[in-house]
Amino acid sequence: MPDELKPKSPRSQRLPKQRWQIYPQNPELAQKLAMVTDMSPLINQLLINRGFDSPETAQLFLHPESLNLPEPLDEFPDLAISVELLQNAINSQEKIAICGDYDADGMTSTALLLRSLRTFGADVDYAIPSRMHEGYGINKRIIEDFHDEGVKLILTVDNGISAFEPIARAKELGLKTIITDHHDIPQQLPPADAILNPKLLPSTSVYRGVAGVGVAYILAMSLAQQLGRTEEISDTMLELFALGTIADLAPLVGVNRTWVKRGLRLLPKSKLAGIQALIQMAGVQALGSKGDGEMGSKG
């Protein structure tokens, strides 16, 4: 007898069946959207309840690749100077140091910029502060260690927006600093040479919801574009972007949804040893032969 036809135990019979209640409901609008999206009214009601209540917004959510993205250089006021600082440091072989964070967003941000800068010939290293012993983010000890090591340009990733005193210390020591972060803006910004933070952008910007790895990705790709070397890093950077964005629970709307969708297609065939190990440990090593969609559901 098939398992599904076998009598259930008394305990399992007492368990209530799962019930779904879709509330609120707007059947007229759901039916109208269904004519455009070619999906069931139920799915369209779910879209409406999540704020995608017009044919345009629903289609963008379902097909994020159609999103028209403005140039990041036009959105982030300090992006051009950040690219210039990095390009000058690479050309003069000045030592660059990245200060990251221990979580998935911070680690993928660090890896993303470290790999891209090394690809472009930069002399670059990194440090991850211990949250157990030093707390979160860059600190004076790290600044002074970087200075002793001959670092000339410091990059923060997924931290730094609230680090006024450490960045002020870097300035005293004659070090240039670029802050890339996505956390809330403090009352007093640190005296960095450049600050990249989506929270400084208008609330309507498609880049507003990017995580730390999103800011790192934008910086790396803008530098690559300036150097004419985007093809060398684009796939790897998208893989790290997708991993960090999902792990940090960033909202999967706007540019996040567009780039994560592209990154998920690349992850099953990633050549990065760390991602290969994650895929193997998660038990999804066969995904490359099954299709791209399963990576999102099993990852």
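So for the sequence shown, full-length UniProt numbering puts the first residue at 1; every next one is plus one.
For glycine and all other residues, C-beta sits at the position ideal for the given N, C-alpha and C.
For residue i, three-class secondary structure by DSSP
i       : result
Lys-176 : strand
Asp-148 : helix
Arg-19  : coil
Gly-291 : Caution applies to Gly-291, whose pLDDT of 39 falls short of 50 and renders its modelled position unreliable; the model cannot decide the point.
Leu-266 : helix
Gly-283 : coil
Pro-251 : coil
Lys-271 : coil
Close Cβ partners of residue i (< 6 Å) along its chain, the five nearest in sequence each way excluded
i       : result
Thr-108 : Val-213, Leu-240, Leu-243, Gly-244
Asp-101 : Asp-158, Asn-159
Ile-185 : Lys-199
Thr-64  : It is worth fixing the name first, because residue 64 is Pro in this sequence and not Thr. The answer, listed in chain order, is Arg-257, Thr-258, Lys-261.
Ala-163 : Gly-137, Ile-138, Pro-190
Pro-166 : Ile-138, Asn-139, Lys-140, Ile-143
Gln-13  : With a pLDDT of 45 at Gln-13, under the threshold of 50, the modelled position of this residue cannot be trusted; read the value that follows with caution. No residues qualify anywhere along the chain.
Leu-33  : Asn-44, Ala-58
Sequence-distant residues of the same chain with beta carbon closer than 7 Å to residue i, five excluded per side
i       : result
Ile-98  : Thr-110, Leu-113, Leu-114, Val-124, Tyr-126, Leu-155, Val-157
Pro-27  : Pro-41
Ala-30  : Pro-41, Asn-44, Gln-45, Ile-48
Ala-220 : Leu-112, Leu-113, Ser-116, Ile-233, Met-237
Thr-230 : Met-221, Ala-224
Pro-55  : Leu-33, Val-36
C-beta atoms of residue i and residue j nearer than 8 Å
i       : j       : result
Gly-209 : Pro-198 : yes
Leu-79  : Leu-267 : no
His-147 : Leu-117 : no
Gly-160 : Gly-135 : no
Gln-59  : Val-36  : yes
Gly-121 : Ile-90  : yes
Asp-248 : Asp-105 : yes
Asp-193 : Ile-96  : no
Leu-252 : Glu-75  : no
Val-83  : Leu-278 : no
Pro-72  : Ile-218 : yes
Ile-151 : Asp-181 : A small correction: the amino acid at residue 151 is Val; Ile does not occupy that position in the sequence shown. Against a cut-off of 8 Å, the Cβ pair of Asp-181 and Val-151 comes out as no contact.
Ala-211 : Ala-170 : no
Delimiting residues of the alpha helix (DSSP H) encompassing residue i
i           : result
Gln-45      : 41-49
Asp-74      : 72-75
residue 332 : Residue numbering for the chain in the displayed model covers 1 to 299; residue 332 lies beyond these limits and cannot be assessed.
Gln-59      : 55-62
Glu-65      : That residue, Glu-65, is in no alpha helix (DSSP H); it is neither H nor E in DSSP.
Gln-25      : Neither: Gln-25 is in no alpha helix (DSSP H) and is coded neither H nor E.
8 Å Cβ shell around residue i - same chain, five flanking residues per side excluded
i       : result
Leu-69  : Val-206, Val-255, Thr-258
Leu-153 : Leu-85, Leu-86, Ala-89, Glu-94, Lys-95, Ile-96, Ala-97, Leu-175, Lys-176, Thr-177, Ile-178
Near the ligand FMN: residue i beta-carbon under 7 Å from a heavy atom
i       : result
Ser-205 : The ligand FMN is not among the ligands present in this structure, which contains no ligands whatsoever.
Every unbroken alpha helix (DSSP H) inside the UniProt domain "DDH" (95-245) [4 residues or more]: 104-119, 140-148, 164-172, 212-227
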